[in-house]
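What follows is a set of notes on a single structure, which appears directly below.
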Amino acid sequence: MTLQQVLFIIFGIITLGAALAVVTRRNVFHAALFLILAFFGVAGLYVLLEAPFLAAAQLFIYVGGISILIIFAIMLTRDMMNPNVAGYNRQWWLAALVAVALCGMMGWVVLNHNWPATPGDVPPESIINLGKALVDPAGLVLPFEVASVLLLVALIGAVTIARER
Numbered sequence: 059m060t061l062q063q064v065l066f067i068i069f070g071i072i073t074l075g076a077a078l079a080v081v082t083r084r085n086v087f088h089a090a091l092f093l094i095l096a097f098f099g100v101a102g103l104y105v106l107l108e109a110p111f112l113a114a115a116q117l118f119i120y121v122g123g124i125s126i127l128i129i130f131a132i133m134l135t136r137d138m139m140n141p142n143v144a145g146y147n148r149q150w151w152l153a154a155l156v157a158v159a160l161c162g163m164m165g166w167v168v169l170n171h172n173w174p175a176t177p178g179d180v181p182p183e184s185i186i187n188l189g190k191a192l193v194d195p196a197g198l199v200l201p202f203e204v205a206s207v208l209l210l211v212a213l214i215g216a217v218t219i220a221r222e223r
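Residue numbering for the sequence shown follows my numbering, beginning at 59 and increasing consecutively.
Pasting the structure below:
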């Protein structure tokens, strides 16, 4: 095995282990910390797959932004030190059953689909067109900003509702 294959296996184990810890922790704050570790593992996989932009985006957006937002939301909306607050859902078995069924269906689709072989080279024009579509005012900037404002309003609403109790 080459070093790249060994590192891929290590990052894969870190990512899968952290993801498993996210869904099995009873403490939501600990689950959020394991989610950060899973995001780091995915960023490492992106680096190994020679996609440094995706790795940087993963670190900045998910580790630096989304996970910190999740931690702030947990800390602002949940009484973490109160032993009377249930830290888990009693219907965990139903969620586990749905998760196993979805993973099984996705695995079946992946294994039974004829995946076409794609060429390795990407023409520079397509990257330029993608960049223009993402930042051009006539492109996808407005839907992205609307989604971000909607998420912000939802977070503010959740904090407001939690503060009133």
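All C-beta atoms, glycine included, are put in the ideal place defined by N, C-alpha and C.
Point to revise | Cβ-Cβ distance between V217 and L160 below 8 Å | key: No.
Check your understanding: When you compare each of L169, A109, F98, Q63 to S251 by their alpha carbons, which one comes out closest?
Key -> Nothing can be reported for residue 251: it is not among the residues displayed for the chain, which extend from 59 to 223.
Point to revise | Cβ neighbour criterion (16 or more within 10 Å) applied to L152 | key: Counting Cβ neighbours within 10 Å, L152 comes out exposed, since fewer than 16 surround it.
Check your understanding: Between which two residues does the alpha helix (DSSP H) carrying F118 extend?
Key -> Neither: F118 is in no alpha helix (DSSP H) and is coded neither H nor E.
Exercise for review: Flag this pair as yes or no: are the beta carbons of I132 and L95 separated by less than 8 Å?
Suggested key: In this structure, L95 does not lie closer than 8 Å to I132 by Cβ.
Exercise for review: Report the rounded CA-to-CA distance for L106 versus L65, giving the unit in angstroms.
Suggested key: Straight-line Cα distance between these residues: approximately 8 Å.
Practice item. Enumerate in chain order the residues of its own chain whose CB-to-CB distance from G102 is below 6 Å, with the five nearest sequence positions on each side excluded. Key: Around G102, the same chain offers F69 as residues with beta carbons nearer than 6 Å, after the five sequence neighbours per side are excluded.
Review point. Would I128 pass as a contact of A76 if the rule is Cβ separation under 8 Å?
Key: The Cβ-Cβ distance between I128 and A76 does not fall below 8 Å.
Exercise for review: Output the distance between the C-alpha atoms of Q116 and H88, rounded to the nearest integer angstrom.
Suggested key: Cα atoms of Q116 and H88: separation of roughly 20 Å, rounded to the nearest angstrom.
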